[in-house]
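Quick note: the sequence shown uses our numbering, first residue 19, plus one each step. Every residue, glycine too, gets a C-beta built ideally from N, C-alpha and C. Predicted model only: the values in this text are computed from it and were never measured.
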Amino acid sequence: MAFSLQIENEFVQNSERVKSVDLHPTEPRILVGLYSGTISIWNYNTKTEEKSFKISESPVRSAKFIARENWIVAATDDKFIRVYNYKNTEKVTEFEAHKDFIRSLAVHPTLPCVISASDDQVLKVWDWTNGWSSVQNFEGHSHYVMQIALNPNDESSFASASLDGTIKIWNLSSSAAKFTLEGHLKGVNCVEYFSRNGKQYLLSGSDDYTAKVWDYHNTENVVQTLEGHKNNVTAICAHPEFPIIVTASEDNTVKIWDAVTYR
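Here it is as structure tokens:
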């Protein structure tokens with residue numbers, strides 16, 4: 019006996035989970051990338067949303083201001099990078115950038131380029147003065163590349179965190195990693211540079227529930243392991259003025275650490 023099914027009602031509700039946040043360097047604006055594929059710009063002085071527009075049916079996993087061009091650049095789970103003028107919301111360009119989800123974008127502070135990191139285990143440099151062409155690939159990770167951090171003391175170098183359990187340091191002029199930091203027992207979700215008393219360090223957070231402080235100039239040396247979270251550490255940063263390190267975890271807590279005593 020033949021029969022058919024008919025949809026009587028369809029209910030669709032996109033999540034508005036925030037996947038990405040970026041601060042404008044000079045204006046009181048916050049750029050938010052949402053799971054629904056929408057980009058939102060908020061003014062934190064007036065506490066109002068100034069603009070909101072959908073750029074994809076896929077989640078916006080990373081979105082950044084390119085302030086000197088009045089652009090925003092966004093990476094979505096459909097593997098595309100999209101660029102918009104945030105003054106008039108006109109699309110500048112879009113292109114398929116990777117073979118898998120794009121996890122992280124970093125805008126170079128002086129050069130006309132953006133670095134992207136992907137689940138395809140590759141990092142790429144995109145030059146917007148050269149038609150947004152890929153001018154360098156970085157390969158060496160054996161799992162998803164989760165985050166990029168630019169070195170504030172050396173504009174030619176940057177770090178990447180990967181679920182292969184390592185952090186790699188790269189130079190823009192070479193496709194091979196300068197060195198690799200190994201010490202986490204599981205995947206590394208986040209990496210950040212940190213300076214104290216004129217000395218440079220790296221911070222990392224991992225699925226092994228810990229964060230680590232690395233001596234950047236002695237790559238074998240883990241200065242401190244920050245223990246206390248009860249689940250994956252997904253974000254880490256250092257305060258630019260105060261001796262404070264902040265970690266966020268899937269245990270639903272944010273921890274504030276003393277950057278001198280590491281308590």
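Reduced DSSP secondary structure (H/G/I, E/B, other) of residue i
{"i": "ASN148", "result": "helix"}
{"i": "ARG281", "result": "coil"}
{"i": "GLU34", "result": "coil"}
{"i": "GLU87", "result": "helix"}
{"i": "VAL181", "result": "The sequence given here has Leu at residue 181, not Val. DSSP places LEU181 in coil when its eight states are reduced to three."}
{"i": "ASN106", "result": "coil"}
{"i": "ASN239", "result": "coil"}
{"i": "LYS273", "result": "strand"}
Close beta carbons around residue i, own chain, < 7 Å, minus the five adjacent residues each side
{"i": "GLU268", "result": "ASN249, ASN250, THR252"}
{"i": "MET19", "result": "Low confidence applies to MET19: its pLDDT is 41, below 50, so where it sits in the model is not reliable enough to give any reading."}
{"i": "ASP95", "result": "SER76, PRO77, ARG79, PHE119"}
Burial state of residue i, where buried means 16 or more other Cβ atoms lie within 10 Å
{"i": "VAL278", "result": "exposed"}
{"i": "PHE21", "result": "Because PHE21 sits at a pLDDT of 44, beneath the cut-off of 50, its placement in the model cannot be relied upon, and the following sentence gives the value as read from the coordinates. Exposed."}
{"i": "PHE71", "result": "exposed"}
{"i": "GLY149", "result": "exposed"}
{"i": "SER151", "result": "exposed"}
{"i": "PHE260", "result": "exposed"}
Short Cβ contact (8 Å threshold) for residue i with residue j
{"i": "SER178", "j": "LYS186", "result": "yes"}
{"i": "LEU203", "j": "ILE263", "result": "no"}
{"i": "SER193", "j": "GLN154", "result": "yes"}
{"i": "GLY158", "j": "ALA92", "result": "no"}
{"i": "ILE48", "j": "ILE90", "result": "no"}
Residues near residue i by beta carbon distance below 6 Å, same chain, minus five either side
{"i": "GLN283", "result": "This structure cannot settle anything about residue 283, because the visible part of the chain is limited to 19 through 281."}
Spatial neighbours of residue i in its chain, beta-carbon cut-off 8 Å, leaving aside the 5 residues before and after
{"i": "GLY8", "result": "Residue coverage of the chain in this structure runs from 19 to 281, which leaves residue 8 outside it and unanswerable."}
{"i": "TRP144", "result": "ILE99, ALA115, CYS131, VAL132, ILE133, SER134, TRP150, SER151, SER152, VAL153"}
So does the stretch 79-97 actually touch the stretch 125-145, counting three or more Cβ pairs closer than 8 Å? yes
Between the stretch 97-111 and the stretch 57-74, do at least 3 Cβ pairs fall closer than 8 Å? yes
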